[in-house]
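Data block below; observations after.
Protein chains in written order, with my numbering: chain A, 3 to 845; chain B, 4 to 512.
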């Protein structure tokens, strides 16, 4: 063998002896959107909190596959080893679909190859039918703590002249290849599958079965099992009646486990790219090839994490041109060599990794270039509290997870300090974030950075103490004075909860203001204020009786959903505890609201929302008198179809809000997700924070929208909303954010994307861009214009409304670098131009 | 909202009545031209010979009137009716029968002149044209349904009595699931989506009135729901497509069936495109867009990128439409159409509507029509078999569309595994579409079908159009019943999946 080979060539060459699997002609199964969650914490987390989150995303799976991964395991003893062994040995987890094969496997396969330090059968429930809905018996799982057998490894190294590989690389490759051979022998080649390797990294364990992710934790009794990194996956495959747990996520590379939400368009091409490098997929799913790619680029080719991510999700178009020159050059080379293998199609990956060499644990979320799948990141980073990073396909899952932690132990916050979306393959954040934990002086520290290695950090925030403070405030005191003395909130809240409804309306209003409050928190953690206020509000709501009473409220919940009385008076509000309501279907919260509306109810307050979808849908036209206020984490499609009613969300919204919204008002005290206001036709809409990808696509008519932060990309594509000065629609982008200290800050640019107002034929966008950051190359069929007086008169009333909703004053918006400016110096207008594409009758 | 939806839902319609509905201005284009030479002595033997009434004397005279070309079956008469063939019967060799070039220039190999003329005949008279006048069973595309034949049990020389036909059931249940209202349509087809803007309001109304008369459905297409259609709302499917044009919760609530159009077989992956010229102020108002700009519907639903998203979408429809609503997913036919179908099923839809590649008006680009989707006759059995293997076939209604032209095409699609069909172009041909293909440009169709220009659209009144379509449906249902009778079957359900009753001709047969 030539000795001038590079390490990666040597490794790939060593695989020549692997017996290749037959080339796939087609994916074995189709699957699409799945529910994914990843969490990492400086403090070990028990499995039951993962259950809380994945159960909340049950409707993103169909019981045909669920899996979890735990890394940086905090309880080696439960696995039968000590901490040292846990870290030094490979944790080989084998799933035995046929238990009879175990002795044979151990004798013929494992013993000749591995030194087995410890072995343990993973404990599980006696009867899988104890878990409701589980129809296929989960496999027996045996875990082995192993190192490569000296003789076998030496033989492997000699055989393939791998002696030049540094450190543990040869052993890693040895383990990797043995697992391939294992799966080939006991899984892929057999009609009747016998066994397969679940995972083989150090300090990382994967489990999967035919069912839901939470079934994994319950069946293998991991509710109390603690680890620092977790991922969970709900799968939604659609073909075939027989499933094997082998097809469920996560899939493994060497040091990592990956879960995936989406679907590739170029599976065959990716599989061919891998075959050229002597990697043969055995499970024939998109997810498997994704992690094989990751392992190839990261471990074999030795790419940095940044470059691995670039190879997976290449930076294109304007984002590429916005990168620094040096980066462009490297990226260009990566794209030239890796583009053939880059997975194309809507996808979102979450990876859990243990990097033994760096002695770091990682949780990574990567978005595809086109940002086609929903994703939310969150970070909780307050002094004296556990640091937590979380990634999920839906924000509701993160909130459920944090809530579950908080209910058990109040040192965990109920809300994260920051939530955000990644801009896929962008120059601004790279579309990927890494949460990394390291052990430092017996403590575990968590840090977060984006694809480029830029840290995501929060300012130092104070926590309101719940003890002390002697001033007692009477319930119903002036809210503003309390906000001025923010430290007294806990005292006030305590007093307020003792109060028996005397000032109910004022108190609810006040608590709502506290929940919404972002501005002027005087350096105190917003998350904590919101938590205290939300807890207080929930306890007040809980005390309101279900029948008619002496307050102007009536409470309903899942237990009494069919016994909702008609409203005693028009002024009465129906308070609905959303807990326990399914996200969709005949018994869902949205249908109950519609039914109550049929009884005459016009005012609704929904609390403890947790992913319930379609809130406000089905009310139909002529519903202008209806008001719905939502507390908690509402689900997708809220206000989609709204035709007159008013909905206020006292939190962030999720995906697909306000589709085809025709009339009414929608106010969101936070961010919103994908395809916001798709095909909207009217209404007044206010968003405090960001909108993710593709807001207002194909909107027509007269929607009038204020977005105080920005939109990630594809804002108002094919916007067709007439003439703004003649009853048409428009969007105002303020390009600001309210930071964690409660101050208004200008964003670096009011709009980072490369597709602004593409192919729009009507309406206008008004952008607050005092630094004139927007450039012509962001437009495709639009034109910048100066803001005229008439324009300002048009948008001012909306900005005034915005001020009333969020406290963002017009004065503040017109201020720039400490000076008051004219509206025309601050705002710019974007109008459509008649492009060829819009007027050409092709022949 | 609910009471809006319930009004006339359950009343069953009496059999719709057919009546003669000629075009007020059109001269019929005959297939053959019959002429008299100077040798003619007006003897009138031909008048006696011809059973089709081609030859007639001028009333009250002995002179021959101009021949009624449209009745002539051409030179094949010699072999079919040797004793009646005028050319041979004429003692003076004074009669010529020649092909009419104008007729031959009509249509295209899929919609041959014969097929078009037979559909026009059906639309005018409410019954099939006389045997031998046109080849109305197949076209000349050289593939697909045109090369498929039935193994009939009863041959052509046998004729069914009207009682035989009355005993055959062709009604179709659209809902086989445990939820949603039970809807039975009287014929195993309904009308496909054509938007306001792509066709005129009169055409939409005509289709809706005909759907009501026949207790079936027509679809709004993606261009809004004109108010004028609301009297027929129980027979109208609200389509929700990727542009979401004109879709409001209210219009979704009017419908008994919501159709989610994911793709169109004629142009899968391309989305909709209404060219600027046809976006007249009326159309723009309906879609709430800017007049005279091209209107695009995106190629996907940007809110649906996966099967899980699809389920969410279906749940949304059911929330907007209420518990009685049925949901149909219209998909095109990619190579993995079986996966698509099974995904649709798990999303909770009642109807899977496969749209194959033969459909589409002039507005769909040729390159797309001819090259992207799988022909429908491949897609249907693939999906039918797959759903059977999954054990879910009887929970879902499988509807096929994309180039279904007549009763034979429907019967073939159903024999291949569909439950029923959707027709689009056939409706349009009934109101005198000539398949000229100039649907999308300029002011649109000069026959006033695919146009919203008032000068053009005045040519078609909704009542006349409705009568034409009612007539057509009558003829189609008789044809379909006769096919079933010839196959020895009693109902359309018995035909489903009976591909053994079909055979395929190869090039040499």
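Just so it is clear, CB atoms sit at the ideal spot from N, CA and C, and this is done for glycine as well.
Close beta carbons around residue 126 (chain A), own chain, < 6 Å, minus the five adjacent residues each side: In the first chain, counting from the first residue as 1, residue 126 (chain A) sits at position 124. Closer than 6 Å at Cβ, skipping near neighbours: 221, 222.
Residue 237 (chain A) - DSSP class collapsed to helix/strand/coil: Translated into the one-based positions of the first chain, residue 237 (chain A) becomes position 235. Coil at residue 237 (chain A), not helix or strand.
Contact with chain E by residue 638 (chain A), beta-carbon distance below 8 Å: Although the question refers to chain E, the structure presented lacks it and instead comprises the protein chains A and B.
is_contact[residue 305 (chain B), chain A] using C-beta, thresh 8 Å: The residue you call residue 305 (chain B) lines up with position 302 of the second chain. Yes - at least one Cβ of chain A is within 8 Å of the one on residue 305 (chain B).
Burial state of residue 460 (chain B), where buried means 16 or more other Cβ atoms lie within 10 Å: Mapped onto the second chain, residue 460 (chain B) falls at position 457. Burial call: buried.
Residue 322 (chain B) at chain A interface by Cβ criterion, 8 Å: Working through the second chain from its first residue, we reach residue 322 (chain B) at position 319. Judged by the 8 Å Cβ criterion, residue 322 (chain B) is in contact with chain A.
Sequence-distant residues of its chain with Cβ nearer than 6 Å to residue 106 (chain B) (five each side left out): If you number the second chain from 1, residue 106 (chain B) lands on position 103. The residues are 32, 34, 116.
Beta bridge counterpart(s) of residue 607 (chain A) as assigned by DSSP: As a working mapping, residue 607 (chain A) is identified with position 605 in the first chain. According to DSSP, which records beta bridges pairwise, residue 607 (chain A) is partnered with A:577, A:631.
At least three beta-carbon pairs within less than 8 Å, the stretch 422-440 of chain A to the stretch 81-90 of chain A: no
Alpha-carbon to alpha-carbon, residue 387 (chain A) and residue 804 (chain A): Here residue 804 (chain A) refers to the residue found at position 802 of the first chain. Here residue 387 (chain A) refers to the residue found at position 385 of the first chain. Using only the alpha carbons, I get a separation of about 34 Å.
Local Cβ density within 10 Å of residue 95 (chain B), reported as buried at 16 or more and exposed below that: In the second chain, residue 95 (chain B) corresponds to position 92, counting from 1. The residue is exposed, with fewer than 16 neighbouring Cβ atoms inside 10 Å.
Same chain only: Cβ atoms within 6 Å of residue 195 (chain A), ignoring 5 sequence neighbours per side: What you label residue 195 (chain A) is simply residue 193 of the first chain in a count that begins at 1. Correct list, in chain order: 99, 189, 246.
Proximity below 8 Å, CB of residue 711 (chain A) to CB of residue 734 (chain A): As a first step, residue 711 (chain A) must be located in the first chain, where it is residue number 709. As a first step, residue 734 (chain A) must be located in the first chain, where it is residue number 732. Their beta carbons are not under 8 Å apart, which means residue 711 (chain A) does not touch residue 734 (chain A) by this criterion.
First through last residue of the alpha helix (DSSP H) which encompasses residue 138 (chain B): On the second chain, position 135 is the one that residue 138 (chain B) refers to. Run containing residue 138 (chain B): none; DSSP gives neither H nor E here.
Cβ separation of residue 662 (chain A) and residue 682 (chain A), assumed to be a contact under 8 Å, to the nearest whole Å: What you label residue 662 (chain A) is simply residue 660 of the first chain in a count that begins at 1. What you label residue 682 (chain A) is simply residue 680 of the first chain in a count that begins at 1. Right, the Cβ-Cβ distance comes to about 6 Å (below 8 Å), so this counts as a contact.
Paired residues, beta bridge with residue 452 (chain A) - DSSP: Within the first chain, numbered from 1, the residue matching residue 452 (chain A) stands at position 450. Answer is A:435, bridged to residue 452 (chain A).
Limits of the alpha helix (DSSP H) - the one that residue 83 (chain B) falls within: Residue mapping note: residue 83 (chain B) aligns to position 80 of the second chain, counting from 1. From DSSP, the alpha helix (DSSP H) with residue 83 (chain B) extends over 80-83.
First and last residue of the uninterrupted alpha helix (DSSP H) at residue 49 (chain B): As a position in the second chain, residue 49 (chain B) is number 46, starting the count at 1. That run of the alpha helix (DSSP H) goes 48-52.
Neighbour list for residue 291 (chain A) in chain B, Cβ cutoff strictly below 7 Å: As a working mapping, residue 291 (chain A) is identified with position 289 in the first chain. Near residue 291 (chain A) there are no residues of chain B at all, since even the closest Cβ is about 17 Å away, more than 7 Å.
Residue 500 (chain B) (DSSP reduced to helix, strand or coil): Walking along the second chain from the start, residue 500 (chain B) turns up at place 497. The answer is coil: DSSP assigns residue 500 (chain B) none of H, G, I, E or B.
Exposed unless 16 or more other CB atoms sit within 10 angstroms - verdict on residue 571 (chain A): Reading the first chain from its first residue, position 569 is the one you call residue 571 (chain A). Burial call: exposed.
Simplified DSSP state of residue 846 (chain A), which is helix, strand or coil: Beyond the ends of chain A as shown, which are 3 and 845, falls residue 846 (chain A); an answer cannot be given.
DSSP-derived helix/strand/coil call for residue 152 (chain B): Within the second chain, residue 152 (chain B) is the residue found at index 149, counting from 1. Looking at residue 152 (chain B) - three-state DSSP - the assignment turns out to be strand.
Stretch-stretch touch, CB-based, cutoff 8 Å, three pairs: the stretch 418-434 of chain B with the stretch 500-508 of chain B: yes
Residue 471 (chain A) in three-state terms, based on DSSP: For the purposes of this step, residue 471 (chain A) is identified with residue 469 of the first chain, where counting begins at 1. Because residue 471 (chain A) sits at a pLDDT of 36, beneath the cut-off of 50, its placement in the model cannot be relied upon, and the point is left open.
Whole runs of the alpha helix (DSSP H) within the stretch 249-319 of chain A, excluding any shorter than 4 residues: 269-278, 288-297, 307-314
DSSP state of residue 67 (chain B) mapped onto helix, strand, coil: Taking the first residue of the second chain as 1, we reach residue 67 (chain B) at position 64. It is a strand residue.
Reference residue 493 (chain A); option with closest CA among A:200, A:535, A:460, A:518: Mapped onto the first chain, residue 493 (chain A) falls at position 491. That would be A:535, whose Cα lies nearest to the Cα of residue 493 (chain A).
Run of the alpha helix (DSSP H) containing residue 402 (chain A), from where it starts to where it stops: In the first chain, residue 402 (chain A) corresponds to position 400, counting from 1. Counting along the chain, the alpha helix (DSSP H) containing residue 402 (chain A) begins and ends at 397-410.
Cβ-based neighbour list, residue 253 (chain B), same chain, cut-off 6 Å, excluding 5 preceding and 5 following: Numbered from 1 along the second chain, position 250 holds the residue referred to as residue 253 (chain B). Same-chain partners within the cutoff: there are none.
Listed by chain order, chain B residues near residue 677 (chain A) by CB distance under 8 Å: On the first chain, position 675 is the one that residue 677 (chain A) refers to. What residue 677 (chain A) touches in chain B: 305, 306.
Environment of residue 109 (chain B) [buried if 16+ CB atoms lie within 10 Å]: For the purposes of this step, residue 109 (chain B) is taken as the residue at position 106 of the second chain. Buried is the call here.
Helix, strand or coil at residue 426 (chain B) according to DSSP, with G and I counted as helix: Mapped onto the second chain, residue 426 (chain B) falls at position 423. In the structure shown, residue 426 (chain B) sits in a strand (DSSP, three-state: E or B).
Short Cβ contact (8 Å threshold) for residue 277 (chain B) with residue 298 (chain B): Translated into positions along the second chain, residue 277 (chain B) becomes position 274. Translated into positions along the second chain, residue 298 (chain B) becomes position 295. Contact: yes.
Continuous beta strand (DSSP E) assignments of at least 3 residues falling wholly in the stretch 245-284 of chain B: 260-264
Spatially closest choice to residue 414 (chain A) from A:652, A:51, A:249, A:779, by CA coordinates: Working through the first chain from its first residue, we reach residue 414 (chain A) at position 412. The candidate whose alpha carbon is nearest that of residue 414 (chain A) is A:51.
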